[in-house]
Amino acid sequence: MNITKIKKKLSVGGYNLFTLGFLVYNFFYFSYNYAMI
């Protein structure tokens, strides 16, 4: 196994996880604000 390939896979996986969490956070934030109106 190449260390650089593993690092690239980990960085891509972490980036995808961060983006997914960001989208979920925005979804709950906006739905919460919508419910308060």
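Take 200 as the starting number for the sequence shown in this note's numbering and just add one per residue. For each residue, glycine too, the CB sits at the ideal point set by N, CA and C. On a predicted model such as this, the values are computed, not experimentally measured, just so you know.
**Message:** With H, G and I counted as helix, E and B as strand and the rest as coil, what does DSSP make of Asn185?
**Reply:** Residue 185 is absent from the structure shown; the chain starts at 200 and stops at 236.
**Separation of Met235 from Phe227, as counted between CA atoms** = Approximately 12 Å, taken between the alpha carbons.
**Prompt:** Just the Cα atoms here: how many angstroms apart are Thr203 and Leu209?
**Reply:** Their Cα atoms are separated by approximately 10 Å.
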